[in-house]
Structures are given as structure tokens and as C-alpha cells.
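First up is the structure itself, then whatever we jot down about it.
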Amino acid sequence: MKDKIEKILEINNLAVSFYNFDQEEVNVVHDVSFNLEKGETLAVVGESGSGKSITALSILGLLPKKISFHPEGSIKFKGDELIDMADKDIRKIRGNKISMIFQEPMTSLNPLHTIGKQLHEAITLHQILKPKQIKAKVDELLSMVQLDILKDRLNAYPHELSGGQRQRIMIAMALANEPDILIADEPTTALDVTVQASILQIIKDLQDKMDMSVILITHDLTIVKNIADRVVVMHQGGVVEKGDVKDIFSNPQDDYTKELISSAPSGNPVDLGDIYYKNLLEINNLKVHFPIKKGLLNKIVDYVRAVDDVDVSLKKSHTLGIVGESGSGKSTLAYAILRLISSEGKINFDGSYINDLKENDFRKVRKKIQVVFQDPFASLNPRMTIEQIISEGLVVHHKDLSKQEVRDKVDDSLRQVGLEVDIKSRYPHEFSGGQRQRICIARALILKPELIILDEPTSALDISNQSQIIDMMKELQRKHGLSYIFISHDLRVIKAISHNIIVMQNGKIVEEGSNKDIFSNTKTDYTKKLISTAFNIKT
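Structure representation (C-alpha cells):
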């Protein structure tokens, strides 16, 4: 931060209300006040529903005007009031003087337009330049975000890029007009730790270069601790604490802040004692290769070796953690076990080889292996009630059960994941992310499986919800002797739940061992990099 304090943004007593379906006023943000100084990074933290993003969208006038309004408060940018500013005037500021990076680049970028067209648009909306100048500006932006590789791929569409590349394109668009303020709303939530560190470093470098102010909205306190100057903590629509980052972390005053700081996933895997457990799953020489076809005749010229000659074993009642960056083969391995994709090699589950089973025979095995996916909202049918969602598998595999027996089992599954049984008639959109993930776990539990595969089940959740889900999974493992395959790029989560860990890179296992060995006696540089990045993101 600069020695001379210059307030570039001032928010005072901000309140935001919405009209519900009955046209009643519902207050979602109240009495929010904080300042942003030139050149500083201000972190706004809190759980989902705390009002972080609503406050950020209010700055840019992006809330829907027909159903939202500001009953009171002020937002001043360089002394000019932004609330109720005329559309033609706010458009001169939005994307020009104040830019925003949204949480999910895949939904923020237009899937029908090339990245080149979208970069051009970000520039030409606010600048009058000749075609050669626009091309030079695009090339400069791509270099700034370390995407020189895409200078000859401007005709590519968002779906053809990786998650990290899409996020960098969003940053390039946001910085196209050299804004005074960059608002980054959960810019790294769904990214691997190494990509996350790279994105944060780019933002930090560009901030220093442009003397830009940054509002970072996040629930990841590791990021906050390492890159923010000051912190604003929000809870239930209001500010409960604010101050310098060192003061907040070393001496938090509010109980909610203390809870946030202490709620990072921690602890150890379930203690299994000295009992001998036999293998539940044995995988030998597993391969998943996807053909690369080229030419008029569509000939196979090579293969993408997503999983390449992998051996894996999992004991009953144990948790196997699988870590690695995107594209390492983690999820592909899981889908091969579930037989959602074809594979070569041997998969022995509970004493039987399941690779070559016919679908009717494998159906009997399928109920013993359940899966929980990364995005709970996308995993739940929005047209089905919670009771229908949880009971669906039970009805398919146990057709002899009466309706009352099905209801009783649904109730039991809901109680086991800490949910009230009276939610059965409601729909997925009526729940928070953490609640939806519990519903997904209840759906998996109802069939009393021996193995549950969890594919990034906590990456989209707030840090307090992450801890709650991890603690719940460990308690269910103690109670039912469940085995887990837990896939994650967050090594803090892996350390808290996994008995054994494999590290994957480019389709191969580069390191494996017990929890203790992986974290205290790391052998490969790749694993060391993952661990150091996860526990101490340096900028």
C-alpha cells in the first residue's frame, strides 16, 4: 500500500432489498460500510449468502432493477455517487474504470463467440482504435496474462480452453481498459492449487504494474492471508469485522470471524486401530486411451493416455485420496471404476472382476459402488423433490419394498447426513450448496454401498461447509465401515480424511503412500509443489 492514503471507493450504510414472489420486500444486505484505497487489495470474506457478491454487484449497478433496490446507503467512486446513476453514465465506468472477474469463466464467457471476438469487444466498447491497434492490444493483453500460446488461436471458443486459460481470458478482458478497480469474485474456486497460485500471481503483478486497487471476494482464507492488505468479514448480510489482515488473523474479535479462521479442514483420518482389513478394490494395469483422429478418412494418429498403466488398491473401511492437477487422470480413473467409460486392465471389486461383466450382471454391483459429484446443483434433478431424488436408486434396485419402507429409508438417510426429514417435499433450488451436497450423500447412502467415490465434493463449498462435510463423512465411515475414494485438488482436505494417497500426473501415478509418508517424507518435486502451494500460496 502507498504511504499516502487515497480513498478511491467509499461505501457507507449500504442496504440491498429484493421483492419476493409475493412482492414483499426482503432485505439481504444491511448497513455495509468500508473504503477501498488506491493500490491496495481488500478481501471480502464470508459464507455463501453473506452478501459478498450482492455488495460487489451493487458497485457496478448489475443487480436486476425490476426486483432489487437500495433502501439506503451510498457508493462513491472518486467522489461520484454510483447508486441510481444514469445507465449511460454507469456504462462509462463499468468495464472501463471498474472491472469484474466472475467466479465461473465458462458461464461468464459467451459460448457462441470466439475468444478473439470477446477480447475485441472488451476493448472497442470503451476505446476507439484502428484494427492494427486492436490486434496489438489483444496481443499485449494475452502476453500480460501469460497466454502467448493463444495468439494464433483467437478463433477458439471457450469450451476449447482449460479452466485456467478461460480464467486468464476473463482477466485479460477485465484489464483491457486499465481499470482503477478490479473486483475478483471467487476467481480461483474451481481451479487446481498450482493454477490458482498462477492466477493470483498474475493479478498481483498486474496490480503492481497498473497501481490498481483490487476487491477480492473469496471464502479461502489461505488466499486472504497471503495477498490481502485489509479484510472485511460479512455474515448474514452485514459487516461483522474489518481491519488489517494481520490483525484479523492474529486477534479476531467477532465470534463468527474466529469460527471462519478455525474452520479449515483439519484433523486426521478415521483411526482404524490394528485390525487387518482385506482389499475391497484391486486395479492392475488400468488404461484409458482416447483416440486422436485426423484427416479426411478420420484415421487414428495417436492416443490421449488419460490413464496409463495404473495399479491401485483400496482396503475395506479405508479412504484412498487421489490428487493431481486437471488432466492428471483422477476423474477418468474414477469413471473407469464406475464403468461410465471403457477401459483396459483388471478391476477386482470385492473378489470379482467387474470389467467384462454384462450390464445386467454389473447392475447388482453398481448399488455397492456409489458416487458423489463435484457440483451438487448439477447432480440433482431440479424437477424432482428431495424424496424422489434420494429414493430413486432404492426403487430401481429394491422393487419389493413398500412405499412406507421407502419413506422410512429416505428419512433415515436424511437424518444420517444431518438434515431434517420435513424437507422431503422441497426442491434442490431451495437449499444451500452445503445442504445440496448432503442430499447427494444421502442419495448415495440409502443403498448401503461398500464404496463411495467422491469426485471433488467440497471444491465448490465454503470453508466451514467443507469442514462439516469432511467431519460428517468420517463419522459415517466410523459408523458403517464405508470405503471411500476421495478425489480432490485440495491437499488440506485430502490430509484430513485419507489413509492412503496416490498422486497422479499425465495419467500416471508419480507417488503413492500413507498419509504420513506423503506429507512428511515427500519424494517427488511435483508432490512437493502441490503441497507447498496448497498450504502456503506465495505471491
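So for the sequence shown, this note's numbering puts the first residue at 179; every next one is plus one. Every residue, glycine too, gets a C-beta built ideally from N, C-alpha and C.
Less than 8 Å between the CB atoms is what I'm expecting for Gly421 and Arg408, so what's the real figure, rounded? The beta-carbon separation of Gly421 and Arg408, rounded to 7 Å, stays under the 8 Å limit for a contact.
Nearest-angstrom Cα distance between Lys465 and Met562? Rounded to the nearest whole angstrom, the C-alpha separation of Lys465 and Met562 is 37 Å.
Measuring CB to CB, does Ile261 end up less than 8 Å from Ser252? Going by C-beta atoms, Ile261 is nearer than 8 Å to Ser252.
Going straight from the alpha carbon of Ser642 to that of Val595, what length do you get? Within the model, the alpha-carbon separation for Ser642 versus Val595 is close to 16 Å.
Which listed residue (Asn699, Ile293 and Ile349) has its alpha carbon closest to that of Val338: The sequence given here has Glu at residue 338, not Val. For Glu338, the closest C-alpha among the options Asn699, Ile293 and Ile349 is that of Ile293.
Span of the alpha helix (DSSP H) holding Ile554? Rather than Ile, the amino acid found at residue 554 in this sequence is Pro. Run containing Pro554: Pro554 to Ser557, per the alpha helix (DSSP H) assignment.
Alpha carbon to alpha carbon, what distance is there between Asp386 and His298? Distance between the alpha carbons of His298 and Asp386 is about 25 Å.
Is DSSP giving Asn355 helix, strand or coil here? In the structure shown, Asn355 sits in coil (DSSP, three-state: anything other than H, G, I, E or B).
Skipping 5 residues on each side, what residues in its chain have a beta carbon closer than 6 Å to that of Lys716? Unreliable positioning characterises Lys716 in this predicted model, as indicated by a pLDDT of 45, which lies under 50. A coordinate reading is not provided.
Which residues DSSP lists as bridging Arg408, in chain order: DSSP output for Arg408 lists Leu220 and Asp422 as bridge partner(s).
Short of 6 Å in beta carbon distance, which residues of its chain neighbour Ile347, apart from the five on each side in sequence? Order them along the chain. Cβ within range, chain order: Ile293.
How about Ile500 and Ile675: do their beta carbons lie closer than 8 Å? Not a contact, by the Cβ cut-off of 8 Å.
Check whether the stretch 190-204 and the stretch 388-407 are in contact - that is, three or more C-beta pairs closer than 8 Å. Output reads no: the stretch 388-407 does not touch the stretch 190-204.
With distances taken between CB atoms, is the gap from Ala300 to Ala354 smaller than 8 Å? Yes.
What's the C-alpha gap between Leu623 and Val392? In this model, Leu623 and Val392 are separated by some 43 Å (Cα to Cα).
Measure the CB-CB distance between Thr233 and Val204 and report whether it falls below 8 Å. Going by C-beta atoms, Thr233 is not nearer than 8 Å to Val204.
What's the gap between the Cα of Lys652 and the Cα of Ile312? Their backbone Cα atoms lie some 55 Å apart in a straight line.
For Arg344 versus Pro336, is the C-beta distance shorter than 8 Å? Judged by their CB atoms, Arg344 and Pro336 are nearer to each other than the 8 Å cut-off.
Per DSSP, which one or two residues make a beta bridge with Gly416? In DSSP, Gly416 forms a bridge with His413.
Does the beta-carbon of Val482 have 16 or more other beta-carbons within 10 angstroms, so that it is buried, or is it exposed? The residue is exposed, with fewer than 16 neighbouring Cβ atoms inside 10 Å.
Mapping DSSP to helix, strand and coil, what is Pro469? Of the three classes helix, strand and coil, the one that applies to Pro469 here is strand, per DSSP.
Alpha carbon to alpha carbon, what distance is there between Asn693 and Ile630? Here the alpha carbon of Ile630 sits roughly 19 Å from the alpha carbon of Asn693.
Indicate the three-state DSSP secondary structure (helix, strand or coil) for Lys716 in the structure shown. Residue placement at Lys716 cannot be trusted, given a pLDDT of 45 that sits under 50; the coordinates are not used to answer.
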